[in-house]
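Student: The structure follows.
Protein chains in written order, with my numbering: chain C, 58 to 385; chain F, 58 to 385.
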């Protein structure tokens, strides 16, 4: 049997040659990388320019991915395909025409909101969630048309459900965990997870400690049992990995993620005054070389080889194949 | 014999469904369209957004071209492939990283200067031409790397010769005529034309009246004889069409082309106070339906069927095939 594809559908590391080499050591065929949190259009393009320099400097390690076939090309050529995504719709500013421009430039996932209210949808930290906005409806249709996947990882519940209903193509929650396992505000209810699966969507499991039962002390067994339980809830075909790995980032970055330019105050997000920075990672997942641990952990809780392959990347690959191109 | 491909390598019309239909009636397989004169990055992207709307509205008439194979696809599907280009490097502002971004978005030709001094090169209306600048050398190398063709149509002579020398790939003069036929400042000397051919470059013949012998009264025979003579000078493989068709544009546009935002004064460019607007087109070329006239005119001055095919599009197609992709 061919070794299944291995895809991490969310990372936001302080990228370096070291990390790109670790991707290769970890046998990671594709990574969806966040290239915008609060960046506007021009700032997002500057981040792409930085990636273009890395693609030019490290052509034997990484290249930009646009389609599912680029994951296969990555495997064939011993490299990692890098797919761009945004955690906020700030890169399209107030211009729906930028959706297609970003897709042409390689964006493949875009969150409709990040913690706060956006022009499109409500974030999970707002007190009220009025649902998808007028512009949000238009932008979802445009994202569906060109093949830019709606991501609701940081969105509030009503907005998330409405996004699934309004979207003519499956959506994703690229990085979160079930609320029933660890009741973080960012984690998702069973209702949302079931609706996501029913609409053909994908859930990526996060290793970010604030999303884990026991946080940094979460055991591999607990994490993998949670995945097995979610497979029972959602079906084995709708789940994958989205580690939210923020490797080598200084704490100033978690502050940028949380506050961008929308406040002059400190906002601790999922942290607290006494725990403001990036939390320590669980012992069994520190970087891209640790995916074998998850794979072994999934076998240990009873998943078959085929099911392990689906979770580790085959499901995301099918989702890429079906959702990154123009609507037919 | 298959009908040769028909390519117009420069138009800047006031685009409309009418004009797209005329492209089809004229059997034009591909058009290189100017989408920026003095626009900065964001403004150029707005122009792309407008084109994306046209591609969406008129999918049976036009689509965006990226490679030579898209010209073949256009022929096969009865449509016209639209290739983007800039008459000025203003879309990259002062950021070399934008070269690759623009190429990804579909830009395939960029002039290094438009009449005036730019950050990269000197324009044909400057009193002094100090040649390619420091940034110009870097940008030429980057354009060579990604496959964005250097266009020197509106550049001064020394800059043009240096661009050919510095560029590792052939360059183009997309729209101009020989100075020996009509001594307009914009038309090119025999020395430049010969150097262009020797370096593998392409010359596109313009029908813009200020570039024509006798201006609006230029005869088809004179135009076609000039092409035949230039074939003798440059070789039949280095020439094509670049009409500079500015169909349906109001005179405010020729003012924008000439003055952009670089002056508060009127600049008449190739016109004059008494002849400030767009000049009337010659009787034998008013729109995309008139390419048959040129084809017949070329036969009438003695070109073989094969040579006519080369001039009408086959040469540009070969040039597209060789120069629109990343350097190998």
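We treat Cβ as the ideally placed atom computed from N, Cα and C, and that holds for glycine.
Because the structure is a prediction, the values reported are computed rather than measured.
Rounded to the nearest angstrom, what separates residue 108 of chain F and residue 153 of chain C at their Cα positions?
Tutor: Roughly 14 Å separates the two Cα atoms.
Student: If you compare alpha carbons, which of C/341, C/312, C/346 and C/317 is closest to residue 332 of chain C?
Tutor: Cα-wise, what sits closest to residue 332 of chain C is C/312.
Student: DSSP puts residue 89 of chain F in a beta bridge; with which residues?
Tutor: Per DSSP, F/140.
Student: Does chain C have any CB closer than 8 Å to the CB of residue 99 of chain F?
Tutor: True, the Cβ-Cβ gap to chain C drops below 8 Å.
Student: Is the distance from the Cβ of residue 260 of chain C to the Cβ of residue 208 of chain C below 8 Å?
Tutor: Cβ atoms of residue 260 of chain C and residue 208 of chain C: not closer than 8 Å.
Student: Three-state secondary structure (DSSP) at residue 209 of chain C?
Tutor: Correct three-state label for residue 209 of chain C: coil.
Student: Give the residues from the region 358-382 of chain C that approach chain F closer than 7 Å (Cβ to any Cβ), ordered along the chain.
Tutor: Cβ contacts with chain F: none found.
Student: Determine the DSSP secondary structure at residue 66 of chain F, reduced to helix, strand or coil.
Tutor: Three-state result, residue 66 of chain F: strand.
Student: Nearest by alpha-carbon distance to residue 352 of chain C: which of C/369, C/116 and C/343 is it?
Tutor: Nearest option by C-alpha distance: C/369.
Student: Go through the region 230-303 of chain F residue by residue and report every complete run of the alpha helix (DSSP H) that reaches 4 residues or more, in order.
Tutor: Counting only runs of 4 or more, we get 247-255 and 277-291.
Student: Compare the C-beta of residue 327 of chain C against all C-beta atoms of chain F and say whether one is closer than 8 Å.
Tutor: No - not a single Cβ of chain F is within 8 Å of the one on residue 327 of chain C.
Student: Give me, in chain order, the residues of the same chain whose beta-carbon lies closer than 6 Å to that of residue 178 of chain C; leave out the 5 immediate sequence neighbours on both sides.
Tutor: Same-chain partners within the cutoff: 169, 170, 189, 193, 212 and 216.
Student: Leaving out the 5 sequence neighbours to the left and right, which residues in its chain are closer than 6 Å to residue 238 of chain F when beta-carbon positions are compared?
Tutor: So the qualifying residues of the chain are 270 and 283.
Student: Residue 125 of chain F to residue 247 of chain C, Cα distance in whole Å?
Tutor: Distance between the alpha carbons of residue 125 of chain F and residue 247 of chain C is about 51 Å.
Student: Does any residue of chain C bring its CB to less than 8 Å from the CB of residue 158 of chain F?
Tutor: With 8 Å as the cut-off, residue 158 of chain F counts as an interface residue toward chain C.
Student: Under 7 Å from any heavy atom of the ligand SAM, does the C-beta of residue 85 of chain F make it?
Tutor: With respect to the ligand SAM, the structure offers nothing, as it holds no ligand at all.
Student: Using 8 Å as the threshold, is the C-beta distance between residue 251 of chain F and residue 233 of chain F below it?
Tutor: Their beta carbons are not under 8 Å apart, which means residue 251 of chain F does not touch residue 233 of chain F by this criterion.
Student: For residue 82 of chain C, tell me which candidate among C/295, C/286, C/162 and C/119 has the shortest Cα-Cα distance.
Tutor: Looking at the Cα atoms, C/119 is the closest of the given residues.
Student: Pick out whichever of C/89, C/94, C/197 and C/84 has its Cα sitting closest to the Cα of residue 318 of chain C.
Tutor: Of C/89, C/94, C/197 and C/84, the residue nearest in Cα terms is C/94.
Student: For residue 74 of chain C, count neighbouring Cβ atoms within 10 angstroms of its own Cβ and tell me buried if that reaches 16, exposed if not.
Tutor: Under this definition residue 74 of chain C is an exposed residue.
Student: Against chain F, does residue 96 of chain C count as a neighbour if the rule is that its beta carbon must be under 8 Å from one of theirs?
Tutor: No, because no Cβ of chain F sits closer than 8 Å to the Cβ of residue 96 of chain C.
Student: Can you list the alpha helix (DSSP H) stretches of 4 or more residues lying completely in the region 300-356 of chain C, in chain order?
Tutor: Runs of the alpha helix (DSSP H) inside the region 300-356 of chain C: 308-316.
Student: Quick one: what does DSSP say residue 164 of chain C is sitting in, helix, strand or coil?
Tutor: DSSP places residue 164 of chain C in strand when its eight states are reduced to three.
Student: Work out the CA separation of residue 228 of chain C and residue 221 of chain C for me, nearest whole Å.
Tutor: Roughly 6 Å between the two C-alpha positions.
Student: Compare the C-beta of residue 102 of chain F against all C-beta atoms of chain A and say whether one is closer than 8 Å.
Tutor: Protein chains C and F are contained in the structure displayed, whereas chain A is not.
Student: If we count the other Cβ atoms within 10 Å of its Cβ and call it buried at 16 or more, is residue 59 of chain C buried or exposed?
Tutor: By the neighbour-count rule (16 or more Cβ atoms within 10 Å), residue 59 of chain C is not buried but exposed.
Student: On the criterion of 16 or more Cβ atoms from any shown chain inside 10 Å, does residue 371 of chain C qualify as buried, or is it exposed?
Tutor: Residue 371 of chain C should be labelled buried.
Student: Applying a beta-carbon distance threshold of less than 7 Å, which residues of chain C neighbour residue 154 of chain F?
Tutor: By Cβ distance, chain C contributes 106 and 109.
Student: Under a three-way DSSP split, which group does residue 189 of chain C fall into?
Tutor: Here residue 189 of chain C sits in coil by DSSP.
Student: Taking 8 Å as the threshold (beta carbon to beta carbon), is residue 161 of chain F in contact with chain C?
Tutor: At least one chain C Cβ lies under 8 Å of residue 161 of chain F.
Student: Residues bridged to residue 180 of chain C by DSSP?
Tutor: C/212, per the DSSP bridge assignment.
Student: How about residue 186 of chain C and residue 128 of chain C: do their beta carbons lie closer than 8 Å?
Tutor: Not in contact: residue 186 of chain C and residue 128 of chain C (Cβ atoms no closer than 8 Å).
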